[in-house]
Amino acid sequence: MNITRCGWVNSDPLYIAYHDEEWGKPEYDDLKLFELLMLEGMQAGLSWYTILKKRENYRAAFDSFDPGKIVRYDDAKIEELMNNAGIIRNRLKIKAIINNAHVYSEISRDEGSFGRYLWSFVGGAPAVNERESLKDVPASTPESDTMSKALKKKGMKFVGSTICYAFMQASGMVDDHVKDCICRKKGVLNS
């Protein structure tokens, strides 16, 4: 049987599982959304596949992306992370995660929920797009522009519009599975 998936997926079973079981499925959990947004930021200048292969290492290195723990990271922890070969050892990106954990706490306090705040940029429900092929999928949208500007205004780093749109796709805020994709055809997205 010939299975068609979105054109960005390679033949690695890890990547196929990510595409089929995670990407584009609505995620509402605050901590999972924080992790995903941080990992999308780590992708800047790299591929998502590179980050996906290191995701478990990131989870171990960053205390399962618990913002309450990350906000307490000090210079010694930053040096430990800089010496961790299992993650991308970029000081600016590492410091961004720490900074963003502080902003996460502020958003959660001020908005009542980090997830609800992020979902507000798509009106609280997934936006289902009808993409014919990968070339029809934009790198950013007015909604990702708005999310990016709002997060930057609150002090977050590595949250440009392209990163925000990739995050919106990954978290299911936007459904960009192309029309011939097995996930679209079988209706597995919102299950």
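Start counting the sequence shown at 0; every next residue gets the next number (numbering that gives the first Met the number 0). All C-beta atoms, glycine included, are put in the ideal place defined by N, C-alpha and C.
Judged by pairs of C-beta atoms under 8 Å, the stretch 25-35 touches the stretch 163-171, as three or more such pairs exist. For A100, same chain residues with a beta-carbon under 6 Å away, outside a window of 5 residues either side, are P66, I69, V70 in chain order. Between the stretch 30-39 and the stretch 53-67 there are three or more inter-stretch CB-CB distances shorter than 8 Å, so the stretches are counted as touching.
In this structure, the straight-line span from the alpha carbon of S104 to that of G114 is close to 12 Å.
For R183, the number of other beta carbons within 10 angstroms of its own is at least 16, and it is reported as buried.
The shortest CA-to-CA distance from L36 to any of C180, Y164, S132, T49 is the one to Y164.
For Y14, the enclosing alpha helix (DSSP H) has its first and last residue at 12-20. The secondary-structure analysis by DSSP pairs A126 across a beta bridge with V173. Contact between I181 and I2 holds, with the beta-carbon distance rounding to 5 Å and staying under 8 Å. DSSP, read as helix, strand or coil, puts T140 in coil.
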